[in-house]
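So the protein lines, in turn, are chains A and B. Just so we're aligned, residue 820 is where the first sequence starts under the working numbering, counting upward by one. Just so we're aligned, residue 820 is where the second sequence starts under the working numbering, counting upward by one. Glycine is no exception: its CB is placed at the ideal position from the N, C-alpha and C atoms. One structure below.
2 protein chains.
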Amino acid sequence: MSIKLFGFWRSMATFRVRIAMNLKGLKPDEEASIDLMKGQQFADTYKAVNPQMVLPALLDGEPPVLFQSMAILEYLDERFPKPPLLPSDARGRARVRGLAQIVASDAHPLYVPRVRNYLQKELKLDEAQVNAWCHHWQAAAMRAIETHLAGDKETGLYCHGDAPTLADICLASHVVACRLFKLDLSPFPRSVRVVDECLKLEAFARAHPLKQPDTPKDLSH
Amino acid sequence: MSIKLFGFWRSMATFRVRIAMNLKGLKPDEEASIDLMKGQQFADTYKAVNPQMVLPALLDGEPPVLFQSMAILEYLDERFPKPPLLPSDARGRARVRGLAQIVASDAHPLYVPRVRNYLQKELKLDEAQVNAWCHHWQAAAMRAIETHLAGDKETGLYCHGDAPTLADICLASHVVACRLFKLDLSPFPRSVRVVDECLKLEAFARAHPLKQPDTPKDLSH
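The following block contains the structure:
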């Protein structure tokens, strides 16, 4: 059975799936780069893969294709249980999923390209206004997560204990995005420490948006 | 052990948790109404409960409080397994979670009060522009879900087979919201049929935003 990943270098949701696959020791047999900047997600060929026309999508052997990064992460964790991406206790899983959803539900969807396009093209906002919008929602999520990490004894080397979980995968995608958007992260030292710890792991570092085969050469490092 | 739910009548994420609790035969021993229109979510007392200052939050016996509706739904399904809110197979669970996340990640967070407030107060949009924004993202999610429901043999009486799942809970919250915003739902007959089927169930009907103790009297029915 072969795994095909539909993604894009700068898609933060694709970044999450890449990290999870790396942690599980999986490598996609095929990767399709869907250029979000060129609007390739709206092509009929991709719409047939994922009707929502967003990234990522994952084909695990047989169709149908799996969609939505959080659903894909849970699927990968069920199908390839080691190492686990969720704690062993129900309350721990709830905390990890809650932290992950602060990013995946309440922050990232507000600064994706389709939303920035709407702000620019439909609402005629200038670059400074679009940046202020992105920073506003990015910082709101950072404040919530920072407070959680500071106030809970479950916080360890990573968001929850000393092994990376879905929460770290999502927080890493968010902090990397915040850095690309040049958000001031100095008010969030615990979150930054956790993500820097994550990025020491090869599974996270190798999945970084600036290190993909489709990353533009002037940005890759 | 007692369960305390922090919610608000018109919070769609609280609506989801209410449905799940009803399906599981659970009743909160205590409900705290946090008035989002009056900004009670920003009070220090609620910030101490949920640092993200959003609804819902759930206290299951001992602290810490559980947060983020999707994490709470997964927790309830783990702790009270019957009836299950997820299918028994990994691919089925991925489809259900994917459909749920189309709403919970990519639609609902774009039309919540805090975002509408930003559009009105920071960006000085008028009512028609704010409505157009909400309708744009509401319809995008409806189109994606409608295509999934139309094209997959797993679709049954509900989104996935003949028992309600997380996907139905999220789709119901979205369709009820779309109706409150007066979105034209005629292009999405399969989704509407599924939600109308859900609302025949007492667990969904009783959880409806317009039927809560804190629903304003002129709206409740």
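7 Å CB neighbourhood of residue 921(B) in its chain, flanking five on each side removed
960, 963, 964
Between the region 869 to 880 of chain A and the region 821 to 834 of chain A, do at least 3 Cβ pairs fall closer than 8 Å?
yes
Which runs of the alpha helix (DSSP H), 4 residues or longer, sit entirely within the region 832 to 881 of chain B?
863 to 868
Distance, Cα to Cα, residue 910(A) vs residue 1028(A)?
32 Å
Between the beta-carbon of residue 929(B) and the beta-carbon of residue 956(B), is there less than 8 Å?
yes
By how many angstroms is the C-alpha of residue 864(A) removed from the C-alpha of residue 970(A)?
47 Å
Interface residues of chain B facing residue 902(A) [CB-CB closer than 9 Å]:
The contacting residues do not exist; residue 902(A) stays about 18 Å from chain B at best.
Verify whether the separation of the beta carbon atoms of residue 1023(A) and residue 996(A) is less than 8 Å.
no
Beta carbons nearer than 8 Å to chain B: which residues of the region 855 to 878 of chain A have them?
870, 871, 872, 873
Measure the C-alpha to C-alpha separation of residue 1009(A) and residue 1038(B) and round it to an integer number of angstroms.
45 Å
Exposed or buried, which one is residue 946(A) when buried takes at least 16 other CB atoms within 10 Å?
exposed
Tell me residue 825(A)'s beta-bridge partners as DSSP assigns them.
851(A), 876(A)
Length at least 4, wholly inside the region 980 to 1020 of chain A: the alpha helix (DSSP H) runs in chain order
985 to 999, 1008 to 1018
Residues bridged to residue 886(A) (per DSSP):
876(A)
Reducing DSSP to helix, strand and coil, say where residue 894(A) ends up.
helix
Taking the alpha-carbon positions, what's the residue 1030(A) to residue 1021(A) distance?
12 Å
What is the DSSP secondary structure of residue 973(A), reduced to helix, strand or coil?
coil
Rounded separation between residue 901(A) and residue 894(A) - CA only
13 Å
Using beta carbons (cut-off 8 Å, strictly below), is residue 1029(A) in contact with chain B?
no
Three-state secondary structure (DSSP) at residue 903(A)?
coil
Beta-carbon proximity list for residue 984(B), same chain, < 7 Å, skipping 5 on both sides:
904, 905, 906, 915, 977, 978
Is it true that the CB of residue 847(A) sits closer than 8 Å to the CB of residue 823(A)?
yes
Roughly how many angstroms separate the alpha carbons of residue 1018(B) and residue 954(B), rounded to a whole number?
22 Å
Members of the region 836 to 853 of chain B near chain A, C-beta cut-off 8 Å:
none
Residue 938(A) - DSSP class collapsed to helix/strand/coil
helix
DSSP-derived helix/strand/coil call for residue 930(B)
coil
In chain A, which residues lie with their C-beta within 9 Å of the C-beta of residue 955(B)?
937, 941
Local Cβ density within 10 Å of residue 888(B), reported as buried at 16 or more and exposed below that:
buried
Taking all protein chains shown into account, do 16 or more other C-beta atoms lie within 10 angstroms of the C-beta of residue 1006(A), making it buried, or fewer, making it exposed?
exposed
Does DSSP put residue 1031(B) in a helix, in a strand, or in coil?
coil
Listed by chain order, chain A residues near residue 898(B) by CB distance under 8 Å:
909
For residue 869(B), does the count of other Cβ atoms within 10 angstroms reach 16, so buried, or fall short, so exposed?
buried
For residue 820(B), does the three-state DSSP call read helix, strand or coil?
coil
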